[in-house]
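These notes are about the structure you will find just below.
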Amino acid sequence: MVDARGLSCPEPVILTKKALSKKPSKLEVIVDNRAALENVTRYAKAVGYNVVSSDKGDGSYHLDISK
Amino acid sequence: MAISSEKRNLLIGGAIVGVISVALVVLGNPKNMGFCIACFIRDTAGAVGLHRAAVVQYARPEIIGLVLGAFLISLIKGEFKPRGGSSPMIRFALGAFMMVGALTFLGCPLRMIIRLAGGDLNALVGLAGFVCGIGCGCYFLNNGFSLGKSHNQGLGEGVTFPVLQALLLVVLLFVPSILIFSEKGPGSMRSPLFFALAAGLVVGVIAQRIRMCMAGGVRDIILFRDFTLICGPLAIFVTILIGNIAMGSFKLGFAGQPVASPDGVWNFLGMLLCGLCAALLGGCPLRQLILAGEGNTDSAMACLGMLVGAAFAHNWGLASSGDGSTAHGHVAVIFGLIAVVVLAVIQMKRKEA
Numbered sequence: 001m002v003d004a005r006g007l008s009c010p011e012p013v014i015l016t017k018k019a020l021s022k023k024p025s026k027l028e029v030i031v032d033n034r035a036a037l038e039n040v041t042r043y044a045k046a047v048g049y050n051v052v053s054s055d056k057g058d059g060s061y062h063l064d065i066s067k
Numbered sequence: 068m069a070i071s072s073e074k075r076n077l078l079i080g081g082a083i084v085g086v087i088s089v090a091l092v093v094l095g096n097p098k099n100m101g102f103c104i105a106c107f108i109r110d111t112a113g114a115v116g117l118h119r120a121a122v123v124q125y126a127r128p129e130i131i132g133l134v135l136g137a138f139l140i141s142l143i144k145g146e147f148k149p150r151g152g153s154s155p156m157i158r159f160a161l162g163a164f165m166m167v168g169a170l171t172f173l174g175c176p177l178r179m180i181i182r183l184a185g186g187d188l189n190a191l192v193g194l195a196g197f198v199c200g201i202g203c204g205c206y207f208l209n210n211g212f213s214l215g216k217s218h219n220q221g222l223g224e225g226v227t228f229p230v231l232q233a234l235l236l237v238v239l240l241f242v243p244s245i246l247i248f249s250e251k252g253p254g255s256m257r258s259p260l261f262f263a264l265a266a267g268l269v270v271g272v273i274a275q276r277i278r279m280c281m282a283g284g285v286r287d288i289i290l291f292r293d294f295t296l297i298c299g300p301l302a303i304f305v306t307i308l309i310g311n312i313a314m315g316s317f318k319l320g321f322a323g324q325p326v327a328s329p330d331g332v333w334n335f336l337g338m339l340l341c342g343l344c345a346a347l348l349g350g351c352p353l354r355q356l357i358l359a360g361e362g363n364t365d366s367a368m369a370c371l372g373m374l375v376g377a378a379f380a381h382n383w384g385l386a387s388s389g390d391g392s393t394a395h396g397h398v399a400v401i402f403g404l405i406a407v408v409v410l411a412v413i414q415m416k417r418k419e420a
């Protein structure tokens with residue numbers, strides 16, 4: 001799991017990239033701003049993963065990234 | 068291949084920003100300076116007396132509009148979120164050095180694009196430096212550079228920066244006599260106040276929605292091979308290029324370009340410093356203003372750093388002019404590069420033990 005809350009771009013994407021470089025079948029990422037949500041989603045999709053994101057209502061977004 | 072909606076929005080948004088930049092010049096802003104964040108923050112620093120360079124003083128409504136536009140649209144869209152506490156002092160310093168680099172080149176990354184579209188080849192040298200600077204920043208980011216996590220803040224903390232901009236607008240509208248306005252030079256060349264303000268508001272709204280960033284485009288290509296954010300600057304470039312050719316103001320060359328320094332080495336190094344700072348800050352000067360409008364007080368600190376950096380740049384004779392760069396400016400850029408690299412190394416997290 002990558003907890004990127006409080007981090008601004010590009011850090012959430014870099015953390016995601018590093019986690020995905022180990023080729024996991026799934027990964028959960030938590031971010032707390034829309035720009036990070038969009039950027040992480042775009043990156044994960046670009047490297048061939050599916051992304052399902054949910055708004056947790058407390059200002060954070062959970063991204064379920066899977067093959 | 069179908070174009071993503073993000074890319075499409077960036078292309079459309081960039082084109083609108085390009086058109087507005089051209090219109091601002093037609094209506095009175097300095098040539099190739101339709102919308103320059105560094106120049107306009109510098110002018111604002113002069114207007115409130117933080118520096119005494121008589122030719123670059125005016126409280127630019129474009130800057131006020133940018134922040135307020137981003138503030139209002141983020142409120143409406145539920146994206147206004149007061150947060151801060153991620154290394155504010157470092158962000159202040161990076162903002163100041165980003166400004167010193169930009170004023171050595173004579174323009175922020177946005178104006179670099181605008182100058183390129185006017186045929187100013189000095190900006191091509193600046194672009195090379197900017198890309199290299201972002202490349203250096205990406206090296207640090209890839210190796211664990213971080214300014215730490217931000218935390219949620221109270222409403223008052225988040226609205227203070229936009230409210231300060233609104234206050235400056237009130238002063239500009241009702242008691243302009245306490246501000247200093249240039250009578251000649253770039254500071255005296257202004258588009259009408261309300262048009263400039265509206266231009267700022269519109270660009271602020273657009274830039275907030277599409278996350279426009281001049282540095283982010285280059286950074287994402289280097290870090291992630293992602294060509295989404297670069298669409299913004301590309302669209303700005305093409306639109307202004309077309310505008311300049313249509314109006315006959317496209318002039319290809321190095322010599323005699325409006326408000327440009329001919330010193331290649333220092334144009335390169337200035338933008339190297341600017342690009343490095345922008346990469347470490349997570350966004351170009353424009354993006355910092357937008358984020359500050361969204362309640363991000365870390366970005367507000369970077370903006371204050373830019374304001375103070377601009378004041379120092381003129382008080383200490385660091386900024387270039389049409390005559391070229393200055394010896395003081397050379398020292399400042401070299402010092403800035405060393406200081407920022409040292410800061411970046413210090414902020415690199417140790418590999419997990």
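Chains as they are written, first to last, in my numbering: chain Y, 1 to 67; chain D, 68 to 420. Note that CB positions come from ideal geometry on N, CA and C, so glycine has one too.
The alpha helix (DSSP H) that contains residue i, what's its start and end?
i: serine 217 of chain D; result: Per DSSP, serine 217 of chain D belongs to no alpha helix (DSSP H) and is neither H nor E.
i: lysine 74 of chain D; result: 72-93
i: lysine 134 of chain Y; result: Given a span of 1 to 67 for chain Y in the structure shown, any question on residue 134 of chain Y remains unanswerable.
i: methionine 256 of chain D; result: Here methionine 256 of chain D belongs to no alpha helix (DSSP H), and DSSP marks it neither H nor E.
i: glutamine 414 of chain D; result: Glutamine 414 of chain D -> no alpha helix (DSSP H), and no H or E assigned at all.
i: aspartate 110 of chain D; result: 104-114
i: tryptophan 333 of chain D; result: 331-348
i: methionine 279 of chain D; result: From DSSP, methionine 279 of chain D is part of no alpha helix (DSSP H); its letter is neither H nor E.
i: threonine 227 of chain D; result: 222-241
i: glycine 299 of chain D; result: 298-313
Give the secondary structure of residue i by DSSP, where H, G and I count as helix, E and B as strand, and everything else as coil.
i: serine 153 of chain D; result: coil
i: glutamate 419 of chain D; result: Because glutamate 419 of chain D carries a pLDDT of 48, less than 50, the predicted location of this residue cannot be relied on, and the following value inherits that uncertainty. The answer is coil: DSSP assigns glutamate 419 of chain D none of H, G, I, E or B.
i: valine 52 of chain Y; result: strand
i: serine 388 of chain D; result: strand
i: valine 270 of chain D; result: helix
i: asparagine 210 of chain D; result: coil
i: glycine 320 of chain D; result: strand
i: asparagine 363 of chain D; result: strand
i: valine 326 of chain D; result: coil
i: aspartate 13 of chain D; result: The requested residue 13 of chain D is not part of the displayed model; chain D covers only 68 to 420.
i: aspartate 287 of chain D; result: helix
Determine, using beta carbons only, whether residue i and residue j come nearer to each other than 8 Å.
i: glycine 204 of chain D; j: glycine 350 of chain D; result: no
i: alanine 35 of chain Y; j: arginine 278 of chain D; result: yes
i: glycine 403 of chain D; j: leucine 340 of chain D; result: yes
i: glycine 162 of chain D; j: methionine 373 of chain D; result: yes
i: lysine 17 of chain Y; j: tyrosine 43 of chain Y; result: yes
i: leucine 170 of chain D; j: alanine 105 of chain D; result: yes
i: cysteine 370 of chain D; j: alanine 359 of chain D; result: yes
i: cysteine 344 of chain D; j: methionine 165 of chain D; result: yes
i: isoleucine 180 of chain D; j: proline 300 of chain D; result: yes
i: asparagine 363 of chain D; j: glycine 151 of chain D; result: yes
i: asparagine 478 of chain D; j: proline 329 of chain D; result: Residue 478 of chain D lies beyond the stretch modelled for chain D, which goes from 68 to 420, so this question has no answer here.
i: isoleucine 87 of chain D; j: alanine 266 of chain D; result: yes
i: proline 149 of chain D; j: glycine 215 of chain D; result: no
i: arginine 263 of chain D; j: leucine 135 of chain D; result: What sits at residue 263 of chain D in the sequence shown is alanine, not arginine. No, Cβ-Cβ distance for alanine 263 of chain D and leucine 135 of chain D is not below 8 Å.
i: proline 8 of chain Y; j: lysine 67 of chain Y; result: In the sequence on display, residue 8 of chain Y carries serine and not proline. Contact: no.
i: glycine 310 of chain D; j: valine 89 of chain D; result: yes
i: serine 306 of chain D; j: glycine 81 of chain D; result: First, the residue type needs correcting, since residue 306 of chain D is threonine and not serine in the sequence shown. Going by C-beta atoms, threonine 306 of chain D is nearer than 8 Å to glycine 81 of chain D.
i: leucine 20 of chain Y; j: leucine 27 of chain Y; result: yes
i: alanine 184 of chain D; j: phenylalanine 304 of chain D; result: yes
On the premise that residue j lies in contact with residue i, defined as a C-beta separation below 8 Å, what is that separation, rounded to the nearest angstrom?
i: isoleucine 65 of chain Y; j: valine 29 of chain Y; result: 6 Å
i: threonine 295 of chain D; j: lysine 144 of chain D; result: No, threonine 295 of chain D and lysine 144 of chain D are not in contact; Cβ-Cβ is about 20 Å, not under 8 Å.
i: proline 128 of chain D; j: leucine 260 of chain D; result: 5 Å
i: glycine 254 of chain D; j: glutamine 124 of chain D; result: 5 Å
i: valine 400 of chain D; j: glycine 168 of chain D; result: 6 Å
i: glycine 284 of chain D; j: arginine 354 of chain D; result: Actually they do not touch by this definition, with Cβ atoms about 11 Å apart.
i: alanine 114 of chain D; j: phenylalanine 248 of chain D; result: 7 Å
In the DSSP assignment, the beta strand (DSSP E) including residue i goes from what residue to what residue?
i: leucine 85 of chain Y; result: Absent from the structure is residue 85 of chain Y, since the part of chain Y shown begins at 1 and ends at 67.
i: glutamate 38 of chain Y; result: Counting along the chain, glutamate 38 of chain Y falls outside any beta strand (DSSP E), though it belongs to the alpha helix (DSSP H) covering 34-46.
i: glutamate 28 of chain Y; result: 26-31
i: valine 123 of chain D; result: From DSSP, valine 123 of chain D is part of no beta strand (DSSP E); its letter is neither H nor E.
Around the Cβ of residue i, are there at least 16 other Cβ atoms within 10 angstroms (buried) or fewer (exposed)?
i: arginine 109 of chain D; result: buried
i: leucine 194 of chain D; result: buried
i: valine 409 of chain D; result: exposed
i: alanine 420 of chain D; result: Note on alanine 420 of chain D: pLDDT 39, under 50, position unreliable in the model; the coordinate value appears next. Result: exposed.
i: lysine 56 of chain Y; result: exposed
i: serine 72 of chain D; result: exposed
i: leucine 356 of chain D; result: buried
i: isoleucine 421 of chain D; result: This structure cannot settle anything about residue 421 of chain D, because the visible part of chain D is limited to 68 through 420.
i: arginine 16 of chain D; result: Because chain D is modelled from 68 through 420, residue 16 of chain D falls outside the range shown and cannot be assessed.
i: aspartate 71 of chain Y; result: Outside the shown range of chain Y (1 to 67) lies residue 71 of chain Y, about which nothing can therefore be said.
i: methionine 368 of chain D; result: buried
i: phenylalanine 241 of chain D; result: exposed
i: aspartate 58 of chain Y; result: exposed
i: histidine 118 of chain D; result: buried
i: arginine 292 of chain D; result: exposed
i: alanine 394 of chain D; result: exposed
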